[in-house]
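If you count the sequence shown from 1, you need to add 16 to reach our numbering. Everything below concerns the one structure shown next.
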Amino acid sequence: MSSTVIESPVSDAVGQLIADEEQVFLRRQPRSTELIALAREHLAGGATSNWQIAEPQAVWMSHGEGSKVYDVDGNCYVDMHGGYGASIAGHAHPAIVAAVSERVRRGTHFAQPTEDAIWIAGELARRFDLPLWRFANSGTEATMDAVHLARALTGRDLIIKVEGCYHGHHDSVQVSVLPDADEIGPRDHPIGVPGNSGIPAAIRDLVVVVPFNDVDAVARALAEHRGRVAAMILEPVMMNAGIIPPDDGYLAAIRDLVHRAGALLIFDEVKTGFTTGPGGITASSGVVPDMVCLAKALGGGISVAAIGGTTEVMSAISDGRYEQVGTFNGNPLAMAATRATLAEVLTPESYRRLDANGARLRSALEGVIAEHGYEWHVVSVGAKGCVTFRRDRVREFRDFLQIDARLGHLHWLVQHNGGVFLPPWGKVEQWLLSVQHDRDDVDRFATNFARFAAAVAN
Ligand SMILES: Cc1ncc(COP(=O)(O)O)c(C=O)c1O
17 MSSTVIESPV SDAVGQLIAD EEQVFLRRQP RSTELIALAR EHLAGGATSN WQIAEPQAVW
77 MSHGEGSKVY DVDGNCYVDM HGGYGASIAG HAHPAIVAAV SERVRRGTHF AQPTEDAIWI
137 AGELARRFDL PLWRFANSGT EATMDAVHLA RALTGRDLII KVEGCYHGHH DSVQVSVLPD
197 ADEIGPRDHP IGVPGNSGIP AAIRDLVVVV PFNDVDAVAR ALAEHRGRVA AMILEPVMMN
257 AGIIPPDDGY LAAIRDLVHR AGALLIFDEV KTGFTTGPGG ITASSGVVPD MVCLAKALGG
317 GISVAAIGGT TEVMSAISDG RYEQVGTFNG NPLAMAATRA TLAEVLTPES YRRLDANGAR
377 LRSALEGVIA EHGYEWHVVS VGAKGCVTFR RDRVREFRDF LQIDARLGHL HWLVQHNGGV
437 FLPPWGKVEQ WLLSVQHDRD DVDRFATNFA RFAAAVAN
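Okay, here's the thing in structure tokens:
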């Protein structure tokens, strides 16, 4: 990922702090350094996903337990990285360990359905108010199926996508994910910027990019491409550009617009699905889209995804117009972990605990910000949160581009060296609390944040 750095008067001082913290980081992790060198021989780039390669280097992990993770150098961290938003159960949660251990002894793969799938689909229908479900293995697969379904149902090819939303790494949505300021073009007609190499221009041309929180922009896009738009896909709370919540009424308004144009609405709740509440933003906003995509936290740490839809949408699967397939769809091990997650981990009591810890953290951080008089603010939704290093609320991706990326990186380093593991990519990502975090974990984060704030002030 690339991110635009806005030079500010504090840049030089922040640059020096970053250099100092990176030295500490490297000194603490000699074994990771060795493993990276070894890995480079047969692992491309020395890691198993580009997003594992942080600056100054990837952290190689040993194990996790409860709210903590341990790297190969024996350092212990409060885990607020949460495996990019998946580990809401924390690590080695007893309910998941029991379910997976029991399943593994009885065989883990048949490419035939097992009974857990029925219970899970019913539970997802209850939480997200959509009657029919299918499973897949990653967020990418879920949004890919949703886009295919929309095209299959409408017989149209265009997709409206929000600038700065990430929906996985398939071609149709790899457009204007994290573009640089000099690539994006005018706000009223954003340029569709490829989010990776290898994305054919012909596919990019099927994506109409709009800014978030702008109902008129959606109306305009639908009018300019009348009768050609299959669906609009978005993260109902943007979570790949810090955290950007929707304005009041935005989600309901775009659903009406999209429906009036004969198109479908897809909520990508891969990140928001269970981290913002038991039924994601779909339940909390009361705006039920035509399709919901889930992954990450759904499987309690095992790879699984789900697509939910209305009876009309999912009829395309039921009657064979759209073939939703995959060797590992509904994999018994993933289903066992998912059932345990939904039934025993993501309970009302757990959400009360997440809310209480989230509120405690938020208020501690706001206290530090107020103490220093910084023009920063905290944004949190459920178990997710971040500090936005600017005074004004971020309403769309173009506001996000204005934020100095160095503060996010420095904050990440200070937290890391202070024993709290956050996702790298500073200003882009968020923390995730798990159901196993406690007050001490949250207070550790706040203490590190106070150190960071004091360092920047000096
Ligand atoms: C909102 C959203 N959708 C989809 C994806 C893709 O999920 P996966 O990495 O499991 O393919 C991600 C991944 O970060 C995401 O944040």
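Just so it is clear, CB atoms sit at the ideal spot from N, CA and C, and this is done for glycine as well. The structure displayed is predicted, hence computed values, not measured ones.
{"Query": "In the DSSP assignment, find the unbroken alpha helix (DSSP H) run with Ala233 in it and report its ends.", "Result": "Val231 to Glu240"}
{"Query": "Less than 7 Å separating the Cβ of Thr291 from some heavy atom of ligand 1?", "Result": "no"}
{"Query": "Evaluate Asn474 with the Cβ neighbour count: other Cβ atoms within 10 Å of its Cβ, from every protein chain shown; 16 or more gives buried, anything less gives exposed.", "Result": "exposed"}
{"Query": "What do you reckon, is the C-beta of Ala287 under 7 Å from a heavy atom of ligand 1?", "Result": "According to the sequence shown, residue 287 is Lys rather than Ala. Yes - ligand 1 has a heavy atom lying nearer than 7 Å to the Cβ of Lys287."}
{"Query": "Between the Cα of Ala462 and the Cα atoms of Val430, Pro439, Val451 and Pro440, which residue gives the shortest distance?", "Result": "Val430"}
{"Query": "Could you tell me which whole beta strand (DSSP E) segments of length 3 or greater appear in the segment 393-473?", "Result": "393-397 and 400-404"}
{"Query": "Which residues does DSSP list as the beta-bridge partners of Cys309?", "Result": "Asp284 and Ile323"}
{"Query": "What is the rounded straight-line gap between the Cα of Arg43 and the Cα of Ala127?", "Result": "47 Å"}
{"Query": "Beta carbon of Ser366: closer than 7 Å to some heavy atom of ligand 1?", "Result": "no"}
{"Query": "Would you tell me roughly how many angstroms separate the C-alpha atoms of Phe151 and Ala257, rounded to the nearest one?", "Result": "27 Å"}
{"Query": "So for Arg56, helix, strand or coil by DSSP?", "Result": "coil"}
{"Query": "Indicate whether Gly435 and Val94 have their beta-carbon atoms separated by less than 8 Å.", "Result": "yes"}
{"Query": "Any heavy atom of ligand 1 closer than 7 Å to the Cβ of Glu251?", "Result": "yes"}
{"Query": "Assign Asn347 to buried or exposed, taking buried as 16 or more other Cβ atoms, counted over all protein chains shown, within 10 Å of its Cβ.", "Result": "buried"}
{"Query": "Let me check you understand the geometry: is the CB of Ser300 closer than 7 Å to at least one non-hydrogen atom of ligand 1?", "Result": "no"}
{"Query": "Looking at the secondary structure, which residues open and close the alpha helix (DSSP H) in which Val116 lies?", "Result": "Pro110 to Val120"}
{"Query": "Using a threshold of 8 Å, state whether the C-beta atoms of Val226 and Ala233 are closer than that.", "Result": "yes"}
{"Query": "If you scan the segment 187-232 from start to end, which runs of the alpha helix (DSSP H) of 4 or more residues do you find wholly inside it?", "Result": "217-220"}
{"Query": "Could you check whether the Cβ of Asn212 sits closer than 7 Å to any heavy atom belonging to ligand 1?", "Result": "no"}
{"Query": "Does ligand 2 have even one heavy atom less than 7 Å from the beta-carbon of Ala311?", "Result": "Only ligand 1 can be found as ligands here, which leaves ligand 2 out of the picture."}
{"Query": "For His241, which residues of its own chain have a beta-carbon under 7 Å away from its beta-carbon, when the five flanking residues on both sides are left out?", "Result": "Leu174 and Val224"}
{"Query": "What residue range does the beta strand (DSSP E) around His79 cover?", "Result": "Met77 to Glu81"}
{"Query": "Is Val40 helix, strand or coil when you go by DSSP?", "Result": "helix"}
{"Query": "Any heavy atom of ligand 1 within a distance shorter than 7 Å of the CB on His164?", "Result": "no"}
{"Query": "Short of 7 Å in beta carbon distance, which residues of its chain neighbour Arg56, apart from the five on each side in sequence? Order them along the chain.", "Result": "Gly62"}
{"Query": "Out of Phe468, Val113, Glu50 and Gln446, state which residue places its alpha-carbon closest to the alpha-carbon of Thr292.", "Result": "Gln446"}
{"Query": "Using only the alpha-carbon positions, how far apart do His432 and Asp132 sit?", "Result": "38 Å"}
{"Query": "Which one of Gly383, Ser379, Ile318 and Ser366 has the shortest CA to CA distance from Ala352?", "Result": "Ile318"}
{"Query": "Tell me, please, whether the segment 306-326 touches the segment 101-111 by the rule of three or more beta-carbon pairs shorter than 8 Å.", "Result": "yes"}
{"Query": "Count the other C-beta atoms from every protein chain shown that fall within 10 angstroms of the C-beta of Leu54, then say buried if there are 16 or more, exposed otherwise.", "Result": "exposed"}
{"Query": "Per DSSP, which residues does Cys92 bridge with? Please list them.", "Result": "Tyr86"}
{"Query": "Rounded to the nearest angstrom, what separates Gly180 and Ile333 at their Cα positions?", "Result": "30 Å"}
{"Query": "Since Val245 is in the beta strand (DSSP E), which residue starts that stretch and which ends it?", "Result": "Val245 to Leu250"}
{"Query": "Spell out a yes or no on whether the segment 186-193 and the segment 208-216 are touching, meaning 3 or more CB-CB pairs, one atom from each, closer than 8 Å.", "Result": "yes"}
{"Query": "Report yes if the C-beta of Asn433 is less than 7 Å from at least one heavy atom of ligand 1; otherwise report no.", "Result": "no"}
{"Query": "CB-CB under 7 Å to Val458, same chain, minus the five flanking residues each way: which ones, in chain order?", "Result": "Asn373, Arg376 and Leu377"}
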